[in-house]
Amino acid sequence: MSGELSVVIGLGATGYSCVRHLAPKEALGVIDTRPEPPYLEDVRRNYPDVAVIEESDWRGDLARAKRVVVSPGVALDHPLVSMARAAGVPVTSDVQLFLEAAEEVPVVGVTGTNGKSTVTTLVGELINATGVRAAVGGNLGTPALELLDGDCDIYVLELSSFQLERLECPGLAVAALLNVSPDHLDRHASLAAYAACKRRIYTGAARLVYNADDPRTAPGEPDLLRVPSIALNGEPRWRLEGDALVIDGRRLAVASLGLRGRHNQLNALAAAAIVHQAGMAVDEQALASFRGLPHRSALVAEIDGVAYIDDSKATNVGACQAALDGFGAGERNIVLIAGGDAKGAEFEALAPYLRRHVSRLVLLGRDAEMVAAPVAQEVPSLRATDMEQAVRLCRASARPGDTVLLSPACASFDMYADYNARGDDFAAHVRALAACPSPGAVAKRSSAPGLDRTGEVA
Numbered sequence: 032m033s034g035e036l037s038v039v040i041g042l043g044a045t046g047y048s049c050v051r052h053l054a055p056k057e058a059l060g061v062i063d064t065r066p067e068p069p070y071l072e073d074v075r076r077n078y079p080d081v082a083v084i085e086e087s088d089w090r091g092d093l094a095r096a097k098r099v100v101v102s103p104g105v106a107l108d109h110p111l112v113s114m115a116r117a118a119g120v121p122v123t124s125d126v127q128l129f130l131e132a133a134e135e136v137p138v139v140g141v142t143g144t145n146g147k148s149t150v151t152t153l154v155g156e157l158i159n160a161t162g163v164r165a166a167v168g169g170n171l172g173t174p175a176l177e178l179l180d181g182d183c184d185i186y187v188l189e190l191s192s193f194q195l196e197r198l199e200c201p202g203l204a205v206a207a208l209l210n211v212s213p214d215h216l217d218r219h220a221s222l223a224a225y226a227a228c229k230r231r232i233y234t235g236a237a238r239l240v241y242n243a244d245d246p247r248t249a250p251g252e253p254d255l256l257r258v259p260s261i262a263l264n265g266e267p268r269w270r271l272e273g274d275a276l277v278i279d280g281r282r283l284a285v286a287s288l289g290l291r292g293r294h295n296q297l298n299a300l301a302a303a304a305i306v307h308q309a310g311m312a313v314d315e316q317a318l319a320s321f322r323g324l325p326h327r328s329a330l331v332a333e334i335d336g337v338a339y340i341d342d343s344k345a346t347n348v349g350a351c352q353a354a355l356d357g358f359g360a361g362e363r364n365i366v367l368i369a370g371g372d373a374k375g376a377e378f379e380a381l382a383p384y385l386r387r388h389v390s391r392l393v394l395l396g397r398d399a400e401m402v403a404a405p406v407a408q409e410v411p412s413l414r415a416t417d418m419e420q421a422v423r424l425c426r427a428s429a430r431p432g433d434t435v436l437l438s439p440a441c442a443s444f445d446m447y448a449d450y451n452a453r454g455d456d457f458a459a460h461v462r463a464l465a466a467c468p469s470p471g472a473v474a475k476r477s478s479a480p481g482l483d484r485t486g487e488v489a
């Protein structure tokens, strides 16, 4: 193999988008360590000239490659990446390739531990409502490189920490960092390293949006202090104030929003600020009509006066905190389903939210006991073996006016293919519950029907 061949590592959706982008232009090879890479047959069928590199050739071919394009799911300390770097081969990413190809079209980037998919989608809808054509993707849905296939006036990308760690100077038209809380600590060395990775989105940006309530989002570098910025909740013209959003000085009643929960009100404020920074007016009707994304604070049903909320996308502590604050009514009115794959997280920071808002924990998944441990003596908990039992336990524990909330604070991979499958399972069992005859409203939690004194389903 000559040094004129680029190598893509990882054949998931993003890796395949790199193949589609590069194969018509240059010699290309692909590597994936999995026995059955998801897009291997697509490569063989649609791009027969792309070399599928065998394991015995990995080291030599990587050392001689022109460059290596690494999918975001492949850690930068992966042995394959280390082989390339040791040989002095440049390592890049799909987003870097996208930014190089986007040319004169402005790019908006949104990141944060939580809310970034909702905000990215809403920004796209608000921009499209003005008549400007926005193409939305990145870590959300459509890989960035596939957005190049269509005509648009502006790109709106959701960017993950895994994508940002591969970018030297994004140079975005607008860069937004919504919040930072512990997540992916199985991949990042520390919370400080994770936060620094998120702040890379600001590098070279023309305009910024950040969260004044979250110091980890603040652009601290001296050269960024001169960049036009909006600090959400840090200035009177952009803030959540009582029962209203203040958007560029105008008040919009939060009751008019289709999004549920205070955390989503902040997401709406962030989206409006990003659109403003992109030079467009905020269409308040489009803002109010946005209903959110699946598995993110979505109302599944109301049964016997109890709201059942699917927030399966809450795969970390910060997302669960936001949901509890968003749906908490100042009393312990939430029955919470939590647990799964903790991803190396600790749960002490969740404890005050559990004490303040949760009447009962229903534990589901491998690391569920870790969620309950900090409040074991204060918040009663029940163990479920599957989602069906979890939903039944919640129904038996909740009373009219309560909220049953699936907000696991953990990833889903111990039991499900992804958070979508987990949320779908929850919704299916809630809908089955709604179709069943009601046993009657629960008067007191301590005598919840269907539970014996051990907390097991009778």
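With the first letter of the sequence shown counted as 1, position 165 gets the number 196 in the working numbering; the numbers rise by one all the way through.
All C-beta atoms in this analysis are idealised placements derived from N, C-alpha and C, irrespective of residue type, glycine included.
Between the CA atoms of residue j and residue i - distance to the nearest angstrom
i	j	result
residue 227	residue 194	13 Å
residue 511	residue 302	For the chain, the structure presents residues 32 to 489; residue 511 sits outside this window and is missing.
residue 419	residue 460	6 Å
residue 130	residue 341	35 Å
residue 277	residue 69	46 Å
residue 44	residue 174	7 Å
residue 343	residue 286	24 Å
residue 274	residue 318	16 Å
residue 117	residue 90	10 Å
residue 169	residue 190	6 Å
residue 54	residue 151	29 Å
residue 489	residue 399	Only weak support is given to the placement of residue 489: the predicted model assigns it a pLDDT of 29, under 50, and the value that follows is read from those uncertain coordinates. Between residue 489 and residue 399, the C-alpha separation is close to 22 Å.
residue 452	residue 36	39 Å
residue 307	residue 409	45 Å
residue 378	residue 309	37 Å
residue 389	residue 221	29 Å
residue 213	residue 79	43 Å
residue 113	residue 362	52 Å
residue 478	residue 288	Note that residue 478 has pLDDT 37, beneath the 50 cutoff, so the model's placement of it is unreliable and the number below is only indicative. Residue 478 and residue 288: Cα-Cα distance of roughly 37 Å.
6 Å Cβ shell around residue i - same chain, five flanking residues per side excluded
i	result
residue 120	96, 99
residue 260	239
residue 411	391
residue 200	234, 235
residue 108	none
C-beta atoms of residue i and residue j nearer than 9 Å
i	j	result
residue 436	residue 354	yes
residue 241	residue 207	yes
residue 184	residue 204	no
residue 198	residue 102	no
residue 171	residue 128	no
residue 438	residue 393	no
residue 425	residue 366	yes
residue 312	residue 161	yes
residue 133	residue 52	no
residue 326	residue 146	no
residue 415	residue 395	yes
residue 440	residue 346	yes
residue 331	residue 458	yes
Chain-order list of residues whose beta-carbon lies under 7 Å from that of residue i (same chain, five-residue window excluded)
i	result
residue 490	Here the chain covers residues 32 to 489 and nothing more, so residue 490 does not appear.
residue 387	359
residue 271	264, 296, 297, 300
residue 268	277, 279, 280
residue 417	none
residue 243	262, 263, 264, 265
residue 57	37
Same chain, Cβ closer than 8 Å to residue i, neighbours up to 5 away in sequence not counted
i	result
residue 290	149, 296, 298, 299, 321, 322, 323, 328
residue 229	142, 143, 144, 192, 195, 208, 211, 247, 248
residue 63	40, 41, 42, 46, 71
residue 181	166
residue 38	59, 60, 61, 62, 84, 92, 93, 96, 98, 99, 100, 115
residue 74	42, 47, 50, 61, 81, 83
residue 231	195, 196, 198, 201
residue 462	331, 332
Closest Cα partner of residue i within the set the options
i	options	result
residue 135	351, 202, 112	202
residue 466	333, 427, 313	333
residue 61	105, 70, 84	84
residue 257	280, 233, 270	233
residue 350	339, 376, 288	376
residue 262	415, 427, 245, 426	245
residue 94	104, 110, 81	110
residue 253	266, 243, 235	235
residue 491	315, 255, 266	Not covered by the structure: residue 491. The range shown for the chain is 32 to 489.
residue 339	77, 382, 179, 464	464
residue 304	221, 155, 440	155
residue 86	66, 104, 357	66
residue 292	357, 404, 384, 456	357
residue 137	384, 105, 449, 179	179
residue 385	401, 251, 406	406
Query raised in the report: Given 8 Å as the limit, is there contact between the region 365–374 and the region 436–447, that is, 3 or more CB pairs closer than that?
Result: yes
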